[in-house]
Amino acid sequence: MVDTDRITGAAKELGGKVQGTVGDLTGSKRDSVEGRAREAQGAAENLYGQAKDTVRDAAEHVADTARDVGGKARDTVGNLIGSDDVEDRARRAQGAASDTYERGERYVRSAGRDAYDRAEDAYENGGRYLREGGREATSQIVEHPIAALIVAGLLGYGLGLLIHRRD
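Residue numbers (my numbering): 1 to 167.
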């Protein structure tokens, strides 16, 4: 199952690309900057959703493997039950396997929650830094439009040189 953050992130990323391109074509610096910021925010949200999917899939895989091992141990113990001594040992082994499975499942779920929380914090911080950077970049462009044009021109020229040297 795909996480909804991946879907909304991809949609925001595409919308940001469109808005940025329209801003570039129409000469609207505001739309261009907002579009690029929205595109970056969408990419970050998409990555966050991918991280959540990966953690969820890993937790499910570990839980399934632990269940399989527990089931095999239970079947083996069930096949060995015959004498009182073997039956007693089998029950203890089954209890130990069950305890180990439950402990492992708790650890995996805890690790998944921790990873999810950290990814969520990173996403929120990234969004905040992106918004602050966008506002700062916009204010610098508004305050110094000629310098911004010169920098953009130099960057374009440098990229052009890099692209043409590869051919």
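Ideal placement from N, C-alpha and C gives every residue a C-beta, glycine not left out.
- The criterion of a C-beta distance shorter than 7 Å is satisfied by Gly42 and Lys12.
- Each of Asp99, Gly153 and Tyr129 was checked against the Cα of Arg38, and the nearest Cα belongs to Tyr129.
- The segment 44-60 makes no contact with the segment 88-97; the number of CB pairs closer than 8 Å stays below 3.
- Its Cα nearest to that of Ile7, the residue Gly49 stands out among Glu132, Gly49, Thr65 and Asp68.
- By the C-beta density criterion, Ser110 is exposed, having fewer than 16 other C-beta atoms within 10 angstroms.
- With contact defined as three or more Cβ pairs closer than 8 Å, the segment 136-152 and the segment 15-33 are in contact.
- Rounded to the nearest angstrom, the gap between the Cα atoms of Ala40 and Pro145 is 23 Å.
- The straight-line gap separating the alpha-carbon atoms of Gly153 and Gly104 is approximately 57 Å.
- For a cut-off of 8 Å, the C-beta gap from Ala44 to Gly127 is around 7 Å, short enough to register as a contact.
- Around the CB of Asn125, fewer than 16 other CB atoms lie within 10 Å, so the residue is classed as exposed.
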